[in-house]
Amino acid sequence: MRSQRATIATLVGPAACWLGVFMFAPLVIILVFSVTTRGEYGQTIYAIDFHHYVQFVDRLYLLILARSFYVAGVTTLVTLMIGYPFAYYVARAPAEKRNFLLLLIVIPFWTNFLLRTYAWVVILRAEGVINSILTGVGLIDKPLAMLYNTPSVILGSVYGFLPFMVLPLYTSIEKLDWSLIEAAFDLGARPWQAFLRVTLPLTLPGIVAGSILTFIPALGMFVIPDLMGGAKTVLVGNLIQNQFLTARNWQFGSAASVILMALVIGGLLVYGKIAGFEEEKKR
Numbered sequence: 002m003r004s005q006r007a008t009i010a011t012l013v014g015p016a017a018c019w020l021g022v023f024m025f026a027p028l029v030i031i032l033v034f035s036v037t038t039r040g041e042y043g044q045t046i047y048a049i050d051f052h053h054y055v056q057f058v059d060r061l062y063l064l065i066l067a068r069s070f071y072v073a074g075v076t077t078l079v080t081l082m083i084g085y086p087f088a089y090y091v092a093r094a095p096a097e098k099r100n101f102l103l104l105l106i107v108i109p110f111w112t113n114f115l116l117r118t119y120a121w122v123v124i125l126r127a128e129g130v131i132n133s134i135l136t137g138v139g140l141i142d143k144p145l146a147m148l149y150n151t152p153s154v155i156l157g158s159v160y161g162f163l164p165f166m167v168l169p170l171y172t173s174i175e176k177l178d179w180s181l182i183e184a185a186f187d188l189g190a191r192p193w194q195a196f197l198r199v200t201l202p203l204t205l206p207g208i209v210a211g212s213i214l215t216f217i218p219a220l221g222m223f224v225i226p227d228l229m230g231g232a233k234t235v236l237v238g239n240l241i242q243n244q245f246l247t248a249r250n251w252q253f254g255s256a257a258s259v260i261l262m263a264l265v266i267g268g269l270l271v272y273g274k275i276a277g278f279e280e281e282k283k284r
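Residue numbers (the working numbering): 2 to 284.
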């Protein structure tokens, strides 16, 4: 028994230490800062103060939070609409072609995220590729405003997070029992009926996993709004970044981080409860 415990400790110990040092310890620090007092010159006074949580209820910050949820939600929906057909096509492709298509999905991860975002800035800016072509062929007289707005932020987010949606969808679709779909056709179902009643319910775990992997990072992102949204599209990630790096208000930035994290975790718990209830009903 002791040898078994020693083996488990040896296997789990390094991962537990890693998570404790690099994940839980920073969270504890953020929690502590969120309830401390900010001094007159930005210094930290270790006196309990919940004022920063109350400050977040201001209309301005609630609008920023609502805009962040909107952008993250639209990003998730668009990536799902683009990613599902592509994942389905990859899952149905021959084995040799499938490997090449999966490579195309993974290739963006080989390039720095910041560089890929800058590439979109070059493409969409007033003197960029698209405007230069349209102006050159005479379709427009002046450059189109395709940058520094909410649609450009959503475009950059969809491009950046699309692989996070495609890969779970591909895994879910690949595991489908295709004989069930053939049985639906044999019973007289049309293609759209077979998809809605067989394919879609069976791939729902992949949809949920991809949506979570896309929505959560899209909710807290700050690089894409900074580069492609400008000052017109401030999201909660930019708010937190500015509080730490510009305003030197670590207390409010920590409080905003805790609130955002609590909202995300709360949403996941609610979904877990609903999903578990639905499973119980099916049984």
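A virtual CB, placed ideally from N, CA and C, is assigned to each residue, including glycine.
**OP:** Name the one or two DSSP bridge partners that residue 80 has.
**Re:** Position 79 of the sequence shown holds residue 80. Note: residue 80 sits in no beta bridge, so no partner.
Subject >> Option in 178, 210 and 159 with minimal Cα separation from residue 226 >> reply: Here residue 226 is taken as the residue at index 225 of the sequence shown, counted from 1. The candidate whose alpha carbon is nearest that of residue 226 is 159.
**OP:** Put residue 68 into one of helix, strand or coil per three-state DSSP.
**Re:** Sequence index remark: in the sequence shown, residue 68 carries index 67 (1-based). In the structure shown, residue 68 sits in a helix (DSSP, three-state: H, G or I).
**OP:** Determine the contact status of residue 236 and residue 223, defining contact as a CB-CB distance below 8 Å.
**Re:** Counting from 1 along the sequence shown, the entry for residue 236 is found at position 235. Counting from 1 along the sequence shown, the entry for residue 223 is found at position 222. Cβ distance < 8 Å, so residue 236 and residue 223 count as in contact.
Subject >> Element boundaries [alpha helix (DSSP H), containing residue 226] >> reply: As a first step, residue 226 is located in the sequence shown; it is residue number 225 there, counting from the start. Premise fails: residue 226 is in no alpha helix (DSSP H) and is neither H nor E.
Original post:
If we count the other Cβ atoms within 10 Å of its Cβ and call it buried at 16 or more, is residue 180 buried or exposed?
Top reply: Here the question's residue 180 lines up with position 179 in the sequence shown. Burial check for residue 180: the Cβ neighbour count within 10 Å stays below 16, so the residue is exposed.
**OP:** Use the C-beta contact count for residue 6: other C-beta atoms within 10 angstroms, 16 or more gives buried, fewer gives exposed.
**Re:** Here residue 6 refers to the residue found at position 5 when the sequence shown is read from its first residue. By the 10 Å Cβ count, residue 6 comes out exposed.
Original post:
Since residue 117 is in the alpha helix (DSSP H), which residue starts that stretch and which ends it?
Top reply: For the purposes of this step, residue 117 is identified with residue 116 of the sequence shown, where counting begins at 1. 114-125 is the extent of the alpha helix (DSSP H) around residue 117.
Original post:
Name the DSSP bridge partner or partners of residue 46?
Top reply: Position 45 of the sequence shown holds residue 46. Per DSSP, 38.
Original post:
Are there three or more Cβ pairs, one per stretch, closer than 8 Å when the stretch 18-38 is compared with the stretch 246-266?
Top reply: yes
Subject >> Beta-carbon separation (whole angstroms), residue 273 vs residue 170, contact threshold 8 Å >> reply: Within the sequence shown, numbered from 1, the residue matching residue 273 stands at position 272. Within the sequence shown, numbered from 1, the residue matching residue 170 stands at position 169. Rounded, the Cβ-Cβ distance is 20 Å, inconsistent with contact.
Original post:
How is residue 149 classed by DSSP in three states: helix, strand or coil?
Top reply: As a first step, residue 149 is located in the sequence shown; it is residue number 148 there, counting from the start. Note: residue 149 maps to coil in three-state DSSP.
**OP:** Mind reading off the beta-carbon distance from residue 151 to residue 72? Whole number of angstroms is fine, and I expect it under 8 Å.
**Re:** Position 150 of the sequence shown, counted from the start, is the residue given in the question as residue 151. Position 71 of the sequence shown, counted from the start, is the residue given in the question as residue 72. Cβ atoms of residue 151 and residue 72 come within 8 Å of each other, at about 7 Å.
Subject >> Length of the line joining the Cα atoms of residue 258 and residue 94 >> reply: One-based indexing of the sequence shown puts residue 258 at position 257. One-based indexing of the sequence shown puts residue 94 at position 93. Cα to Cα, the separation comes out at about 43 Å.
Original post:
So is residue 76 buried or exposed if we call it buried at 16+ other beta carbons inside 10 Å?
Top reply: For the purposes of this step, residue 76 is identified with residue 75 of the sequence shown, where counting begins at 1. When all chains shown are included, residue 76 counts as buried.
**OP:** Using three-state DSSP, classify residue 177 as helix, strand or coil.
**Re:** Stepping through the sequence shown from its first residue, residue 177 is reached at position 176. The answer is coil: DSSP assigns residue 177 none of H, G, I, E or B.
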